[in-house]
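Here this note's numbering is used: the first residue of the sequence shown is 31, the next is one more, and so on.
Everything on this sheet refers to the single structure shown next.
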Amino acid sequence: MSLTRRDIDAFAQTVLGRRLSPAELDDLVRQSRLVNLRAGDDVYLLDLVRHRDLLTRTEAIARKAAEAQSVASALRRLRGWIVTMAAVAALLGFALHREGQIRGYEQRDRMVAQEHAWTTTASGQAARTLHETGMAKRLIDCDLPGWVQIANRCQPGTDPLSRQTFGVTNRRDDASR
Numbered sequence: 031m032s033l034t035r036r037d038i039d040a041f042a043q044t045v046l047g048r049r050l051s052p053a054e055l056d057d058l059v060r061q062s063r064l065v066n067l068r069a070g071d072d073v074y075l076l077d078l079v080r081h082r083d084l085l086t087r088t089e090a091i092a093r094k095a096a097e098a099q100s101v102a103s104a105l106r107r108l109r110g111w112i113v114t115m116a117a118v119a120a121l122l123g124f125a126l127h128r129e130g131q132i133r134g135y136e137q138r139d140r141m142v143a144q145e146h147a148w149t150t151t152a153s154g155q156a157a158r159t160l161h162e163t164g165m166a167k168r169l170i171d172c173d174l175p176g177w178v179q180i181a182n183r184c185q186p187g188t189d190p191l192s193r194q195t196f197g198v199t200n201r202r203d204d205a206s207r
């Protein structure tokens, strides 16, 4: 009498201590029919059950190894992505920093140019001449002859001999008006 699915499943549960999956049971039933196992062929059935269990465990180990390899590969890709993003962030930070420096230099140069633009005017040229001749310091210190300091202001004073008030003359060319 040939073995039934129930006989094979019960025998495998006794030997392995667990129920067979439907795929394992189908495989064992197919193999037992190929070799024409009958009731009482327990040694052969035991060999088939253990072989099938070993195959199932091997497949499980192979699946776990493939998953581990897949995880390791994903981790390598992730590590590469992180390194790439860190490099991009560093380059972007450097570029922004450099751009800020350049803009700061440009702004400083504009401010310096604005502050010194007066030197190209007639008043700026006159101030430069006063500075180069030392007259600017004498005006600031109010130590020019005929000038006096009153209430923290330097203003024209009177000549003690002629009693004339000194002052600043402004030469104007009346013909140019």
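Glycine included, C-beta positions come from ideal geometry on N, C-alpha and C.
Return helix, strand or coil for residue i, following the three-state DSSP convention.
| i | result |
| --- | --- |
| threonine 44 | helix |
| serine 206 | Any answer about serine 206 is weak, because its pLDDT of 44 lies below 50 and its placement is not dependable; what the coordinates show is given next. It is helical. |
| alanine 193 | Looking at the sequence provided, one finds arginine at residue 193 rather than alanine. Looking at arginine 193 - three-state DSSP - the assignment turns out to be coil, as it is neither helix nor strand. |
| arginine 35 | helix |
| arginine 168 | helix |
| aspartate 173 | coil |
| arginine 201 | Because the pLDDT of arginine 201 is 45, which lies under 50, any placement of that residue in the model is unreliable, and the question is left without a value. |
| arginine 49 | coil |
At what residues does the beta strand (DSSP E) containing residue i begin and finish?
| i | result |
| --- | --- |
| valine 178 | 177–180 |
| arginine 183 | 183–186 |
Look at the Cβ atom of residue i, then the Cβ atom of residue j, and state whether they are nearer than 7 Å.
| i | j | result |
| --- | --- | --- |
| valine 45 | valine 73 | no |
| alanine 42 | leucine 50 | yes |
| leucine 84 | leucine 75 | no |
| arginine 82 | glutamate 54 | yes |
| leucine 160 | alanine 166 | yes |
Check each candidate in the options and name the one with the smallest Cα separation from residue i.
| i | options | result |
| --- | --- | --- |
| threonine 281 | Leu126, Arg87, Val59 | Because the chain is modelled from 31 through 207, residue 281 falls outside the range shown and cannot be assessed. |
| glycine 70 | Asp37, Pro190, Leu50, Thr88 | Asp37 |
| leucine 191 | Ala119, Gly176, Glu97 | Gly176 |
| tryptophan 32 | Val65, Ser153, Asp57, Ala53 | The question names tryptophan, but residue 32 in the sequence shown is serine. That would be Val65, whose Cα lies nearest to the Cα of serine 32. |
In the DSSP assignment, find the unbroken alpha helix (DSSP H) run with residue i in it and report its ends.
| i | result |
| --- | --- |
| glutamine 61 | 52–64 |
| histidine 161 | 152–163 |
| threonine 88 | 72–145 |
Quiz item: Taking one C-beta from the region 185–193 and one from the region 158–177 each time, how about it: are there three or more such pairs within less than 8 Å?
Solution: Per the Cβ contact rule, the region 185–193 is in contact with the region 158–177 (3 or more Cβ pairs under 8 Å).
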